[in-house]
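For reference, the structure is listed below as structure tokens.
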Amino acid sequence: MNFRQDINGLRAIAVIAVVLFHFNPSWVPGGFAGVDVFFVISGFLMTGIIFRGIQADNFSIWKFYIARANRIIPALAVLCLALLIFGWFYLSPLEYRALGKHIAASTGFLSNFIYWMEAGYFDAASHEKWLLHTWSLSVEWQFYVIYPLILVSLQNFVSMETIKKYIVIGAVISFILSAISTYQWPNQAYYLLPTRAWEMMLGGVAFLYPLSLKEQSKKYFEWGGLLLIVVSYAFISKGTPWPGYLAIFPVFGAFLIIQADRENSLITSNVVFQKIGKWSYSIYLWHWPFVVAIYYFSLNSIFIYIGIFLSVLLGFISHKYIETIKFKKEFPKLLGYLKCKPLYFCILTAFLGSIVFVSNGVNKPIRSISNSEETLYMANYHRDNYIKNFMRLFSPECDFFDTVERQPKNDIPNSCFNKGEGGIFIWGDSHAKSLSYGIRKSFSGENISQITTSNCRPLVKEDTELDGEYRVACDRANAKAKDEILKIKPKVIILVQHIDHDKNDYNEIFSYITKHNLKSKIILIGPVPQWEPSLPNTIAKRHFEPTKTIIEDRSFVTPLFSINRQLHERYGNSEIKHISLLDELCNEEGCLAKVDNNNTPLVFDYGHLSVEGSQYVVEEILKEKIMDYL
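In the working numbering, the protein residues as written are 2 to 631.
Next up, the structure:
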């Protein structure tokens, strides 16, 4: 296949969007759709290689695999080795252990399965995973392995024309599966091949059924395709269920541009896009670790531009000195393919990652960071350790979502509810769950009822913004809460949620209560101070002085103040009692981060109250206010 400048330019359109989105989502809200454009390009190119080889009767599946390995593995292996070196000096054992696991999975092209299995409400934030972006490489590699096997097998039984039709049918089936699964099983739909295959297969359709277009029609196709992609980048956002049926817009846009085949187009063939297109794979590899580094070290906004510059610079260097290395593509005998050098890069990197993982992040004196007081502090408050040791105190049985099995529950035990009437009813998400410990401790003589479901804000109607298992769990939780409130007739209903309070109309809950002639007092608890990536990390890195309990730090999630102002405006003179924790915990010097002089954090991760933090908030802020209504 001759080199196509339009496809190379399309790569630039894809990678620019992805990079800008990751560094600042507000710049290109739907920039993640650039990955879908990459999938279409891959499908087109791979289908071309396979079909031309089969038709010429010289296609070698082993040669195909080796060519893909030569193209993908060296640059990926260098990135992974660089991260291993970086992690040796800067990452705590638990963080280094996670990196080792992800390196092994990435070089084994299984990282999409790992990130799918890790996905969940208490999963580490995406900005804590240095190789999260390799999920797409794993999906592509799995396609490269399976796709030619199927096509080569089919050619023994049916004609090439029939195989072409099978590819079209396969693309349609995969698209339907994707459209359905995105709403039923969103994590699986996002990370796994069956719901992504249609994007690559549609690229294959573009190769198998090229259109003979006049120059004017080519312009229309190209501009139409570009419009679909740009609209996707502008109007889709990270809150959009994805891939789903909406992925048809960027995918079909890429399909149209490929069909247009305009080699001298100013859009795709300009010098800048041609350079970026050539470097796109390496730019994609290097950009995400810089994004994570900005969050990890809580760097200011100037580093966004530095990160973009370094991504392009290292992308250029990686392409020039690593991607262009000429590795041998053919070997005379089957066993000769064991001489493929990139294969050993892959094995070595995966082995090193595995060693880091099984050694618990090389938690040995040989790494000075392993035994520092700050590292031990972060390990103590690491999300996984903390949940394992203390989650039982937050009444997890009252959560309609099983955070271990990641499935909705049919019901929760009666122990979550007051046997008589009156008392306090706690209703909300996992942030309500973390507050529940302090309420139960401070009001041990009161009847306490609780429905606190992960990722589920309190609503009297269905939550249309959730999908899949969380939607099922949340709808069950809120329906149960409404029923139990009518039975229990609590004196006080406490509403708590993570964020997006401005999207809730709590007056609907008040209307529901009054419609059923209940006299319950509704208390809306505003958000606690939140930190990225986590408060314990922030304390350990920059505020480890025990007596400094109020801190000001760039890791603070500032949009919370806007939400706080809106809550004041809406409920300041309302029947709903709004208690602002930001007003209580923050002042001109910063926000309360520690509840004592021993570095005990208010929250154990980004924003879930620690055991001590839960007690502090209730005793120091909420207790008297709640007592007024009991």
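All C-beta atoms, glycine included, are put in the ideal place defined by N, C-alpha and C. This one's a predicted model, so the numbers in the text were calculated from it and none came from an experiment.
Cα-Cα separation between residue i and residue j, rounded to whole angstroms
{"i": "S535", "j": "F605", "result": "8 Å"}
{"i": "F328", "j": "A70", "result": "10 Å"}
{"i": "L77", "j": "T108", "result": "7 Å"}
{"i": "G32", "j": "L568", "result": "31 Å"}
{"i": "K239", "j": "L227", "result": "21 Å"}
{"i": "P211", "j": "V19", "result": "28 Å"}
{"i": "L632", "j": "I307", "result": "Nothing about residue 632 can be read from this structure; the chain reaches only from 2 to 631."}
{"i": "I451", "j": "K442", "result": "Looking at the sequence shown, residue 451 is not Ile but Gln. Roughly 14 Å between the two C-alpha positions."}
{"i": "F110", "j": "I147", "result": "13 Å"}
{"i": "E129", "j": "L92", "result": "11 Å"}
{"i": "W199", "j": "P560", "result": "38 Å"}
{"i": "Y66", "j": "C417", "result": "56 Å"}
{"i": "P436", "j": "F291", "result": "The identity of residue 436 in the sequence shown is Leu, whereas the question assumes Pro. Cα to Cα, L436 sits roughly 35 Å from F291."}
{"i": "I17", "j": "L214", "result": "29 Å"}
{"i": "H579", "j": "P537", "result": "28 Å"}
{"i": "S371", "j": "V357", "result": "13 Å"}
{"i": "T548", "j": "Y387", "result": "23 Å"}
{"i": "G225", "j": "R384", "result": "47 Å"}
{"i": "T465", "j": "A126", "result": "23 Å"}
{"i": "D412", "j": "Y246", "result": "32 Å"}
{"i": "I489", "j": "R477", "result": "18 Å"}
{"i": "W428", "j": "V29", "result": "36 Å"}
{"i": "D124", "j": "F395", "result": "Caution applies to D124, whose pLDDT of 49 falls short of 50 and renders its modelled position unreliable; the value that the coordinates give is listed next. Going by the C-alpha atoms only, they are around 18 Å apart."}
{"i": "E533", "j": "V558", "result": "7 Å"}
{"i": "R12", "j": "S556", "result": "34 Å"}
Residue i - DSSP class collapsed to helix/strand/coil
{"i": "W186", "result": "coil"}
{"i": "I552", "result": "strand"}
{"i": "D476", "result": "helix"}
{"i": "Y631", "result": "The sequence given here places Leu at residue 631; Tyr does not occur at that position. Looking at L631 - three-state DSSP - the assignment turns out to be coil, as it is neither helix nor strand."}
{"i": "D262", "result": "coil"}
{"i": "G109", "result": "coil"}
{"i": "H633", "result": "As displayed, the chain neither begins before 2 nor continues past 631, which places residue 633 out of reach and without an answer."}
{"i": "W28", "result": "coil"}
{"i": "L519", "result": "coil"}
{"i": "I367", "result": "coil"}
{"i": "P409", "result": "strand"}
{"i": "F402", "result": "strand"}
{"i": "S431", "result": "helix"}
{"i": "S450", "result": "strand"}
{"i": "Y122", "result": "Residue placement at Y122 cannot be trusted, given a pLDDT of 43 that sits under 50; what the coordinates show is reported in the next sentence. If DSSP states are grouped into helix, strand and coil, Y122 belongs with coil."}
{"i": "G614", "result": "helix"}
Beta-carbon proximity check, residue i vs residue j, cutoff 9 Å
{"i": "P528", "j": "I425", "result": "no"}
{"i": "H502", "j": "W289", "result": "no"}
{"i": "I268", "j": "G35", "result": "no"}
{"i": "A433", "j": "V473", "result": "no"}
{"i": "F24", "j": "I309", "result": "yes"}
{"i": "I348", "j": "S312", "result": "no"}
{"i": "A294", "j": "I42", "result": "no"}
{"i": "S319", "j": "L80", "result": "yes"}
{"i": "F114", "j": "S137", "result": "no"}
For residue j and residue i, believed in contact at Cβ under 8 Å, the rounded distance
{"i": "P343", "j": "I104", "result": "No, P343 and I104 are not in contact; Cβ-Cβ is about 16 Å, not under 8 Å."}
{"i": "A207", "j": "Q260", "result": "6 Å"}
{"i": "S182", "j": "A190", "result": "4 Å"}
{"i": "L603", "j": "K595", "result": "7 Å"}
{"i": "N361", "j": "R98", "result": "5 Å"}
{"i": "S521", "j": "I540", "result": "No, S521 and I540 are not in contact; Cβ-Cβ is about 38 Å, not under 8 Å."}
{"i": "E223", "j": "Q6", "result": "E223 to Q6, Cβ: 12 Å. No contact."}
{"i": "L152", "j": "I50", "result": "About 11 Å; that fails the 8 Å criterion."}
{"i": "G101", "j": "S355", "result": "7 Å"}
{"i": "F352", "j": "V612", "result": "No, F352 and V612 are not in contact; Cβ-Cβ is about 40 Å, not under 8 Å."}
{"i": "I577", "j": "L519", "result": "Going by Cβ atoms, the distance from I577 to L519 rounds to 14 Å, so no, they are not a contact pair."}
{"i": "I500", "j": "I514", "result": "24 Å between Cβ atoms; not a contact."}
{"i": "G591", "j": "I552", "result": "5 Å"}
CB contact below 9 Å: residue i versus chain D
{"i": "F158", "result": "Note that chain D does not occur in the displayed structure, where there is just one protein chain."}
Residues of its chain near residue i, where Cβ-Cβ distance is below 8 Å and the 5 sequence neighbours each way are ignored
{"i": "Y122", "result": "Because the pLDDT at Y122 is just 43, under 50, the model does not fix this residue reliably, and the point stays unresolved."}
{"i": "T196", "result": "S175, L178, S179, S182, T183, Q189, A190 and P244"}
{"i": "N3", "result": "none"}
Spatial neighbours of residue i in its chain, beta-carbon cut-off 7 Å, leaving aside the 5 residues before and after
{"i": "I1", "result": "Here the chain has residues from 2 to 631 only, and residue 1 is not among them."}
{"i": "Q156", "result": "I55 and I164"}
Close Cβ partners of residue i (< 6 Å) along its chain, the five nearest in sequence each way excluded
{"i": "V619", "result": "G439, I440 and S443"}
{"i": "K624", "result": "S443"}
{"i": "Q554", "result": "First, the amino acid is wrong: residue 554 is Asp here, not Gln. So the list reads T539, once near-sequence residues are dropped."}
{"i": "A15", "result": "G35, V38 and F39"}
{"i": "S233", "result": "G31, A34, F250 and P251"}
{"i": "N479", "result": "L460"}
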